[in-house]
Amino acid sequence: MAGREPAPAGGVPICLPESSVPRIEVIAVATVTKPKTKTDLTSGADILVQSLINHGVDTIFAYPGGASMPLHQALTRFSDRLRTILPRHEQGGGFAAQGVARSTGKPGVCMATSGPGATNLVTAIADAKLDSVPLIAITGQVPTRMIGNDAFQETPIVEVCRGITKHHYLVTDVSDVARVVKEAFLIATVGRPGPVLIDVPKDVQLAKTVPNYDVATDLPGFRAENPKAKPEQIRQIAAAIKLSKRPVIYAGGGIISGNASEELRTLAKKTGIPVTMTVMGLGAFPSESDQSLDMLGMHGSVYANYAVEQADLLIALGVRFDDRVTGKVEAFCEHGKIVHVDIDAAELNKNKPAHIPVCSDVKYALTELNKIVEAPEEIAAWVEQCKK
Amino acid sequence: MWKLTRDRDPVITVGVGQHQMWAAQFYKLSKPRTWLSSSGLGTMGFGLPAAMGVQSQFPGRLVVDIDGDGSFQMNIQELATCFCENLPVKVLLLNNQHLGMVVQWEDRFMQGNRAHTYLGPIHHPEARGQGDGLGPTERYPNFVQIAKGYGCGAAYIRDKADLVPALKEMINYPGPYVLDVEVPYQEHVLPMIPGGMTVRDMIKE
């Protein structure tokens, strides 16, 4: 992603879209008072909180400090619409925000002050990055004129989190706040979910401007839609399934974040193929089902690991061939053809070469596949063997 | 635990370590987004605050953090948040007084040499791997006292016979609750394929 240039010093251009300019009728009286309209000046803090509410956030985990006090004051003004829960350590707040995201699918939001508050969020942010959890982390920062001065409670948190965030922002101009929040939610949730950091200096929180919540995003190169499998790729997968003698489905966190559990169950039902899950994928397929091989990997079940070792077709859905699952990667499923469906092209062929790599949202791919897939001819003996 | 709670459609969170793996192996899950585990980064201390976040979204639901004594202490202060913000999270604490997963690797690959994996006082013989196998005579810390200090319900059990009634009490308690369950530290998570190895190297006992 291209870095943001700081706004030129010397004034913020105020853009009023035509539709929001009120018509003021001149009334012939001695004094004319300007009516209160939606286009009053609003502080950066209020704009940020209102933006969160506009994006459907109902809970935030926030621990206050000097550099984030204006944000906390703003939160009290919106407390009927946005619940602020005070954790006892910023890391607790960060993991709680993850709890929201992982259990509901909506982005979780946490907030900390500058310096030690921000650095206390680092672990939770890194955790969200590795498990692809949509998280918005907001940190207060020292005023813009003091950045780089070793100011009190200052840390260059954007620098610190560069490698562990999907994207990150340092907002230097109050007129950027609404757009940055909008972009952050888009980036956190579209494609492979991940954490986005928004660092907001105190003077930006206090500065005022007229907000435009309908502002256009400025993300050149960012595709705002999930990739979709091509029809010929779907046909290839269906053909591979039909011809297989010892197939196994290997499903993971991508099924959960992609809300594709139903489509996975349909596929399993139509084809009768046994299903094994990673620790991130547990719950995607019912463990009580006869077709479930439970978890695979380092501490996975014996039968799941043997099944993969002997499979001739491995259908990998929303997984990344992590080392806890594969063990020695060259030996993992060495006799099998691999179909790999993932929303992130960077994962295809990263650890294991895929014979049929498909960059796609897994729910879409499975929906299309379920329309044409047929059960492979004789796998009853294989399924029996897997269960032992 | 699973049998007692399956009708309630609970959400389970875990810390990291042996307790996490046992929960993954034995708790039968059937719906997406009912299982929360720090998997990629594997961060200890994840369980309690994650459960707190879930509870905030599902106020009436049963939310259980299956935790270990090491992981639990890393974010134990969030018991305060649970109490003060009315988030009645239940903590099922599998307490073996050790950093269980690391102990397992020490036992398997390092001849049992204890390297800072005992979570009690350093003068205890367990700290040097010379415990009598029955566990330390005084358990540390007193989680029941700590939980009660935070205003939460709490109980300690060591006998299998006490487990089901204790779980029921925890599930029905109207507030956050910590159930401290004494478990032996010699248990290993099995099966295990050691890092970088193959299915043929699987350890089953």
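So the sequences go chain by chain: A and B.
Just so you know, the first sequence maps onto residues 168 to 555 in this note's numbering.
Just so you know, the second sequence maps onto residues 66 to 270 in this note's numbering.
Backbone N, C-alpha and C fix where the C-beta goes; we use that ideal spot for every residue, glycine too.
Every value quoted in this text rests on a predicted model; they were computed, and no experiment measured them.
What does DSSP give as the partner residues of Cys149 (chain B) in its beta bridges?
-> The partner list for Cys149 (chain B) (beta bridge, DSSP) is empty, contrary to what the question assumes.
Residues that Glu143 (chain B) contacts on chain A, provided the C-beta gap is smaller than 8 angstroms = Those within 8 angstroms of Glu143 (chain B) in chain A are Pro254, Arg255, His256, Gly259, Ala263.
Quick one: measure Cβ to Cβ for Ile539 (chain A) and Pro394 (chain A), integer angstroms, because I've assumed they're closer than 8 angstroms.
-> That belief does not hold up - the Cβ atoms of Ile539 (chain A) and Pro394 (chain A) are roughly 20 angstroms apart, past 8 angstroms.
Ignore the nearest five residues each way along the sequence and tell me which others in Ser459 (chain A)'s own chain have a CB closer than 7 angstroms to its CB.
-> Val442, Phe452, Pro453
Find the residues of chain B that neighbour Val267 (chain A), judging by a C-beta separation of less than 8 angstroms, and give them in chain order.
-> Gly118, Val119, Ser121, Gln122
Given that Glu171 (chain B) touches chain A, what residues does it touch there, using C-beta distances under 8 angstroms?
-> Residues of chain A whose Cβ lies closer than 8 angstroms to the Cβ of Glu171 (chain B) do not exist; the shortest such Cβ separation is about 17 angstroms.
Take Asn537 (chain A) as the anchor and find which of A:Thr445, A:Lys436, A:Glu544, A:His522 has the nearest alpha-carbon.
-> A:Lys436
Give a yes or no on contact between the segment 497-505 of chain A and the segment 515-527 of chain A, applying the rule of three or more CB pairs nearer than 8 angstroms.
-> yes
For the segment 117-136 of chain B and the segment 67-83 of chain B, state whether three or more C-beta atom pairs, one from each stretch, are separated by less than 8 angstroms.
-> yes
So His506 (chain A) packs on Val529 (chain A), CB below 8 angstroms; how close in whole Å?
-> The question names His, but residue 506 (chain A) is Val in the sequence shown. 12 angstroms between Cβ atoms; not a contact.
Does Ala293 (chain A) come within less than 8 angstroms of chain B when only Cβ atoms are used?
-> yes
If you run the structure through DSSP and keep just helix, strand and coil, what is Gln308 (chain A)?
-> strand
Going along chain A, which residues have a C-beta under 7 angstroms from Gly261 (chain B)?
-> Gly494, Lys495
Listed from N- to C-terminal order along the chain, which residues in the segment 438-460 of chain A have their beta-carbon within a distance smaller than 8 angstroms of any beta-carbon of chain B?
-> Thr445, Val446, Met447, Leu449, Gly450, Ala451, Pro453, Ser454, Glu455
Within 8 angstroms, strictly: CB atoms of Tyr183 (chain B) and Gln169 (chain B) | Not in contact: Tyr183 (chain B) and Gln169 (chain B) (Cβ atoms no closer than 8 angstroms).
When the cut-off is 8 angstroms and only beta carbons count, does Met462 (chain A) lie next to chain B?
-> Contact of Met462 (chain A) with chain B is assigned, a C-beta pair being separated by under 8 angstroms.
Based on Cα-Cα distance, which residue from A:Ser527, A:Ala405, A:Ser411 lies nearest to Gly485 (chain A)?
-> A:Ser527
Residues that DSSP places opposite Met166 (chain B) in a beta bridge = Paired residue(s): none; Met166 (chain B) is not in a bridge.
May I ask you to list, following chain order, the residues of the segment 164-196 of chain B that have a beta carbon less than 7 angstroms from some beta carbon of chain A?
-> none
Excluding the 5 residues preceding and the 5 following Lys296 (chain A) in the sequence, name in chain order all residues of the same chain whose CB lies nearer than 6 angstroms to its CB.
-> Ile331, Gly361, Pro362
Using a Cβ-Cβ distance under 8 angstroms, would Thr99 (chain B) count as near chain A?
-> yes
Chain A partners of Lys93 (chain B), CB-CB under 7 angstroms?
-> Ser454, Glu455
With burial defined as no fewer than 16 other Cβ atoms inside 10 Å of the residue's Cβ, what is the status of Leu208 (chain A): buried or exposed?
-> Around the Cβ of Leu208 (chain A), a 10 Å sphere holds fewer than 16 other Cβ atoms; the residue is exposed.
Using only alpha-carbon positions, find the residue among A:Val344, A:Glu545, A:Lys349 that is nearest to Ala374 (chain A).
-> A:Val344
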